[in-house]
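**Q** Residue numbers (UniProt numbering): 1 to 432. C-beta: ideal position from N, C-alpha, C; glycine also. Being a predicted model, the structure only gives us computed values, none of them experimental. Let me begin by handing over the structure; questions about it come next.
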């Protein structure tokens, strides 16, 4: 098969790494890709949001199957356009991608179909939003309705902090149209987990669990990011808990989307809070998580490509996947300043040393190769240093040993990825 992966981040590198290993894959392209992806796929200089160009490329190059990595092109209708052109595609329609594209849509769907989630209210004006916050008290969660690259969430510990977040989104419009409407949510107590399922419109196939680390600082402090690290499996998602999540959240959502005339195909990524009342949905994403995808791909024994094709073809009912018993852990290395302003174009050395370590894979996210062959940072989150181990502690030690082989003074990482499983369980959730 001739395959195109759309995107340029660590998630897309992990997908290319897994797909390139499939005997079904004859030719692999990635648009636009990055310096690391170039080892697995032919990179094509088309951005993920250039929908017309992507459709034309897929048609002109006789692409058999497209895997769409990021959420923005899905919300914009890339999967619809590709299917209309007769090209098989992994990823939901624009109508189904509203599960991530609009938090208000998802919350209303949960309310209508009794899917457990946090209590909420929607607002488009600052004054009534602030009045609601004052009535509810803190902690409380303020979310931009639309896509904000994982940064449109504020877990406010005080009423003043919540009011500042409301002003930032509704008055200053820091997130543009994505923040023209906000959702204010009840703060949920418990432990977060990332739960993934492949969906073919009717059937859902659960994948391995993972736990992300959203905040930029150690001990889960500071502002939210796109994700600073992850590990899989998440100990909080036991077999019994996974069955409960499927029964009360995933399968009802799949049925609800079909009933609403928005059948979902692709990967459904549920951000969960698991507390005393059981699992509750924080939010949905309609693509693999980043960096969770890197951790998942390291543990997957089965060929990923047939599973993605089965989801696109409506054939998941009798599909099974096998996973390694080991733990995987990914540490994100980011440019100093992220998630605020950061410098691009700094050189990264030592990548070969890290990649040669046993059970280590260095996935690239924001990188590019200079004309002279040097690897340069070209984004906020730049590398996903990933490792396998017999335990979370072993995978953690191996990943950080690989991080220490990388010479990049302008980069940084959290040094505590996996801390919930290695040390005391619990801690401050990010409610992303």
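(1) Along the alpha helix (DSSP H) that carries residue 161, what are the first and last residues, could you check?
(2) Could you tell me if residue 392 is buried or exposed, where buried requires 16 or more neighbouring beta carbons within 10 angstroms of its beta carbon?
(3) So, helix, strand or coil for residue 25, using DSSP?
(4) Apart from the five residues just before and just after residue 428, which ones in its own chain have a Cβ nearer than 7 Å to its Cβ?
(5) List the DSSP bridge partners of residue 171.
(6) Among 162, 135, 306, 172, which one has its Cα closest to the Cα of residue 22?
(7) State the Cα-Cα distance for the pair residue 145 and residue 214, rounded to the nearest angstrom.
(8) Less than 6 Å between C-beta atoms, sequence neighbours within five positions excluded: which residues of the same chain meet that for residue 186?
(9) Verify whether the separation of the beta carbon atoms of residue 184 and residue 142 is less than 8 Å.
(10) Find out if the Cβ-Cβ distance for the pair residue 226, residue 381 is shorter than 8 Å.
(11) Tell me the rounded alpha-carbon separation between residue 387 and residue 325.
(12) Could you compute how far the alpha carbon of residue 27 sits from the alpha carbon of residue 158?
(13) Since residue 224 sits in a beta bridge, which residues does DSSP pair it with?
(14) Only counting the same chain, and skipping five residues up and downstream in sequence, which positions put a Cβ closer than 8 Å to that of residue 369?
(15) For the stretch 88-155, list the alpha helix (DSSP H) runs that are entirely contained and at least 4 residues long, ordered along the chain.
(16) Could you tell me the alpha carbon to alpha carbon distance between residue 173 and residue 413, rounded to whole angstroms?
(17) Round the Cβ separation of residue 207 and residue 197 to the nearest angstrom and send it over; I've been treating them as touching at under 8 Å.
(18) What residues are listed by DSSP as bridge partners for residue 69?
(19) Hey, residue 43 and residue 25 are a contact pair by Cβ (cut 8 Å); roughly how many whole angstroms apart?
(20) Please name the residue, chosen from 252, 46, 82, that lies closest to residue 62 on a Cα-to-Cα basis.
(21) Measuring only the C-alpha atoms, how far is residue 292 from residue 56?
(22) Buried or exposed for residue 134, please, with buried defined as at least 16 other CB atoms from any protein chain shown within 10 angstroms of its CB.
(23) With a threshold of 16 other CB atoms inside 10 Å of the CB of residue 17, please say whether the residue is buried or exposed.
(24) I'd like the span of the alpha helix (DSSP H) that includes residue 313, first residue to last.
(25) Helix, strand or coil for residue 177, going by three-state DSSP, please let me know.
(26) Along the chain, where does the beta strand (DSSP E) containing residue 329 start, and where does it finish?
(27) Count the other CB atoms, across all protein chains shown, that sit within 10 Å of the CB of residue 426; report buried if there are 16 or more and exposed otherwise.
(28) Once the 5 residues before and after residue 421 are set aside, which same chain residues still bring their CB inside 6 Å of it?
(29) Over what stretch of residues does the beta strand (DSSP E) that includes residue 271 continue unbroken?
(30) How many whole angstroms separate the CB atoms of residue 74 and residue 361, which I take to be in contact at a CB cut-off of 8 Å?
(31) Going by DSSP, what residue range makes up the beta strand (DSSP E) through residue 19?
(32) Report back the beta-carbon spacing between residue 232 and residue 327 to the nearest angstrom; my notes put them in contact at under 8 Å.
(33) Per DSSP, residue 2 is paired with what?
(34) By the 10 Å Cβ neighbour count, where 16 or more other Cβ atoms means buried, how is residue 419 classified, buried or exposed?
(35) What's the C-alpha gap between residue 330 and residue 398?
(36) Decide if residue 217 is buried, meaning its Cβ has at least 16 other Cβ atoms within 10 Å, or exposed.
**A** Working from what's here:
(1) 159-166
(2) buried
(3) coil
(4) Confidence at residue 428 is low in this model, with a pLDDT of 39, below 50, so its placement is unreliable and the value that follows should be read with caution. Counting only Cβ-Cβ distances below 7 Å, and skipping sequence neighbours, we find 220.
(5) None; residue 171 has no bridge partner.
(6) 306
(7) 18 Å
(8) 118, 119
(9) yes
(10) yes
(11) 13 Å
(12) 53 Å
(13) 215
(14) 35, 38, 375, 376
(15) 98-101, 103-113, 126-136
(16) 29 Å
(17) 6 Å
(18) Bridge partners of residue 69: none, in fact.
(19) The pair is not a contact, with the Cβ atoms about 16 Å apart (cut-off 8 Å).
(20) 82
(21) 31 Å
(22) exposed
(23) buried
(24) 304-313
(25) helix
(26) 327-335
(27) With a pLDDT of only 37 at residue 426, under 50, the local geometry of the prediction cannot be trusted, and the value read off the model is given with reservation. Residue 426 is exposed by the Cβ-count criterion.
(28) 235, 392
(29) 265-275
(30) Not quite, the Cβ-Cβ distance comes to about 26 Å (not below 8 Å), so this is no contact.
(31) Per DSSP, residue 19 belongs to no beta strand (DSSP E); it is in the alpha helix (DSSP H), 10-20.
(32) 7 Å
(33) 27
(34) buried
(35) 10 Å
(36) exposed
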